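In order, the protein sequence lines correspond to chains A and B.
UniProt numbering puts the first residue of the first sequence at 1, with every later residue one more than the last.
UniProt numbering puts the first residue of the second sequence at 1, with every later residue one more than the last.
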Amino acid sequence: MIAAVSVTGLVKRFGQAEVLRGIDLEVPAGRVTCLIGPSGSGKSTLLRCLAFLEEATEGAILIGGEPLGFAVTPDGRRTRLPSGRIRAVRSQIGMVFQHFNLWPHMTALGNVSEALKTVRRLGRSEADDRAMAQLRKVGLQNRANLYPSQLSGGQQQRVAIARALALEPKIMLFDEPTSSLDPELTGEVLNVMRALAADGMTMVVVSHEIGFAASVGHQIAFLDHGQLLLRGTPQEVFRKPRHARLDQFLDTYLDRGAAMLL
Amino acid sequence: MSWTLFLLLVKASGLTVAISAIAIVIGLTLGMVVSAGMLSPNLLLSMPSRVFVSFFRGVPLLVQLLLIYNLLPLLGLNVPSVVAAVAGLSLCTAAYQAENLRGGFLSVPRGVVEAADMAGFRPFQLFWRIRVPIAFKLTLPALVSEAIMILKSSSLVSVVGVVELTRMAQDLASSTYKPLDLYAAAGGLYLAINWLMAGLGRLLERRLRWGRA
Ligand SMILES: Nc1ncnc2c1ncn2[C@@H]1O[C@H](COP(=O)(O)OP(=O)(O)OP(=O)(O)O)[C@@H](O)[C@H]1O
Ligand SMILES: [Mg+2]
Chain A
1 MIAAVSVTGL
11 VKRFGQAEVL
21 RGIDLEVPAG
31 RVTCLIGPSG
41 SGKSTLLRCL
51 AFLEEATEGA
61 ILIGGEPLGF
71 AVTPDGRRTR
81 LPSGRIRAVR
91 SQIGMVFQHF
101 NLWPHMTALG
111 NVSEALKTVR
121 RLGRSEADDR
131 AMAQLRKVGL
141 QNRANLYPSQ
151 LSGGQQQRVA
161 IARALALEPK
171 IMLFDEPTSS
181 LDPELTGEVL
191 NVMRALAADG
201 MTMVVVSHEI
211 GFAASVGHQI
221 AFLDHGQLLL
231 RGTPQEVFRK
241 PRHARLDQFL
251 DTYLDRGAAM
261 LL
Chain B
1 MSWTLFLLLV
11 KASGLTVAIS
21 AIAIVIGLTL
31 GMVVSAGMLS
41 PNLLLSMPSR
51 VFVSFFRGVP
61 LLVQLLLIYN
71 LLPLLGLNVP
81 SVVAAVAGLS
91 LCTAAYQAEN
101 LRGGFLSVPR
111 GVVEAADMAG
121 FRPFQLFWRI
131 RVPIAFKLTL
141 PALVSEAIMI
151 LKSSSLVSVV
161 GVVELTRMAQ
171 DLASSTYKPL
181 DLYAAAGGLY
191 LAINWLMAGL
201 GRLLERRLRW
211 GRA
């Protein structure tokens, strides 16, 4: 089976700083891959490369077998693909950000229906119907006409998830979707993500919620200083005796709920 | 002052409002494009935009109007003087609005743009649907005060022969020998129009609260 996402030899430099140092990763379709690792290890950078919000310096990314951004010629050189090709491959990817990034001038419904209208060229009523269905999925059908500023953080993040899902992506990327939320609001967002995972969505989740990673993740990837130190099922990765770096990381991040799970 | 004289002034202020309104709309639209041009990493876009802004902000409007009025026929464009007037006002206000909007465009959060990018927006869709509304709202007070400025500056278009409010007051003053009455009335009319504009600005501000109290 073709992996939903396949990353080979990914290197990302910002000037002199080498932030990703040769990442190889396969993301199986229909599964949840959780990226964990210390702050500054390159998790966001890797996710942003998968979304082509950041262009990798070296290496290749395939989305459903299609090259993302660059094609590698047989002699090993990279050429940038035409923007139409890039857009087509990217349209399979949905992204959820730590700070929601909702469009402040549009209501919840507007945020979800906007791209259906401008990008997908659907008529107003069809776009609104589809958007409403997505809002219902995240439990916000009765908040449709409120602006982001009138919603709680958890509700904003659920709108952001609905906005991404409305475009029917094959892969959903989440960059610390709950870490800017008050603790009592993380649950509602994690529940939406759980339901999405149960529906068979391919997901890549950067999270410090180790409990969520251990219980929902099918694959855990542990990133440290720009390298993938460990990759496997939660059982394999979290089983004792653990890799020393992982142990050290878990000591700092492990919340009590997760401690019970492991 | 007679009622007929006052009605003549009111009619002339209609022209003032029309000329200014067109200039404000064209100026804002052009200002958005020029402002985006200034911020472009592409020198072919940013250089002309910057030259445009520094020219139209650096040369007095009166000189601009005379230049345009005399330049158009040379270019083979025999247009009525009111068109030259609107063109001059539009270009001038566009330069100021571009500068006003620049800070707004710079303040559009990067993440909001990235979200639109992920949703597949093409650059011009992203510009008009996301960047412009946010930058517009952020700079609204400055945009409104420039709109009021250009309305007042529209009195200068009399130099190219457009009989708007100020010119009408001047003409009537010299034919009736009652300058004080006429200029007082003209001033009152400008004031009334600007109150109306400021009110519209506040209305717009309220509409653009986007749910904030
Ligand atoms: N645009 C950039 N320019 C320069 N350096 C960057 C840029 N983005 C990230 N970095 C650097 O790359 C490294 C990895 O950053 P990244 O945000 O990917 O880490 P992270 O694992 O997501 O951390 P956190 O858990 O704090 O979110 C950091 O040292 C960061 O300073
Ligand atoms: Mg991060």
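Yeah, the Cβ is synthetic: ideal placement off N, Cα and C, and Gly gets one too.
Remember, it's a predicted structure, so these values are computed and weren't measured experimentally.
Classified as buried, A/I36 has 16 or more neighbouring CB atoms from the shown chains inside 10 Å of its CB. In this structure, DSSP gives B/A213 a state outside helix and strand, which the three-state scheme calls coil. Residues of the stretch 83 to 117 of chain B whose Cβ lies closer than 8 Å to any Cβ of chain A, in chain order: P109, G111, V112, E114, A115, A116, D117. A distance of 8 Å or more separates the beta carbons of A/A51 and A/M106. For A/I220, the pairing in a beta bridge is given by DSSP as A/C34, A/G232.
Under DSSP, A/F52 takes part in no beta bridge, so it has no partner. Counting the other Cβ atoms within 10 Å of the Cβ of B/N100 gives 16 or more, which makes it buried. Non-local beta-carbon contacts of B/S90 in its own chain, meaning distances under 8 Å to residues more than five positions away in sequence, involve I22, A23, I26, G27, L30 in chain order. Distances from the CB of A/E176 to the heavy atoms of ligand 2 include at least one below 7 Å. Taken through DSSP and simplified to helix, strand or coil, A/A29 comes out as coil. Considering only beta carbons, the part of the stretch 130 to 142 of chain B lying closer than 8 Å to chain A consists of I130, P133, I134, K137, in chain order. Distances from the alpha-carbon of A/L190 to those of A/G200, A/S207, A/W103 put A/S207 closest.
Taking 8 Å as the cut-off, the beta carbon of A/V5 is found no closer than this to the beta carbon of A/I86. When DSSP states are grouped into helix, strand and coil, A/E58 belongs to the strand group. Residues of the stretch 62 to 95 of chain A with a C-beta atom less than 8 Å from some C-beta of chain B are R87, R90, S91, I93, G94, M95, listed in chain order.
Contact between the stretch 154 to 167 of chain A and the stretch 106 to 121 of chain A is established, with three or more Cβ pairs separated by less than 8 Å. Ligand 2 never approaches A/S180 closely enough for any of its heavy atoms to be under 7 Å from the residue's Cβ. Taking a Cβ-Cβ threshold of 7 Å, the residues of chain A close to B/W210 are P104, H105, Y147, S149, in chain order. Among the residues facing chain B, A/E114 is included, as its CB has a counterpart in that chain under 8 Å away. When C-beta atoms of the stretch 146 to 166 of chain B are compared with those of the stretch 188 to 195 of chain B, three or more pairs fall below 8 Å, so the two segments count as touching.
At a cut-off of 7 Å, the beta-carbon of A/F14 counts as near ligand 1: some heavy atom of the ligand is closer than that. Every residue whose Cβ sits closer than 6 Å to any heavy atom of ligand 1 is listed here in chain order: A/F14, A/A17, A/V19, A/G37, A/S39, A/G40, A/S41, A/G42, A/K43, A/S44, A/T45. If you ignore the 5 residues before and after A/V205, its C-beta comes within less than 6 Å of the C-beta of C34, F174, all in its own chain and listed in chain order. DSSP, read as helix, strand or coil, puts A/M95 in strand. When DSSP states are grouped into helix, strand and coil, A/S6 belongs to the strand group. Scanning chain B for C-beta atoms nearer than 8 Å to the C-beta of A/N191 yields nothing, as the closest lies near 22 Å away.
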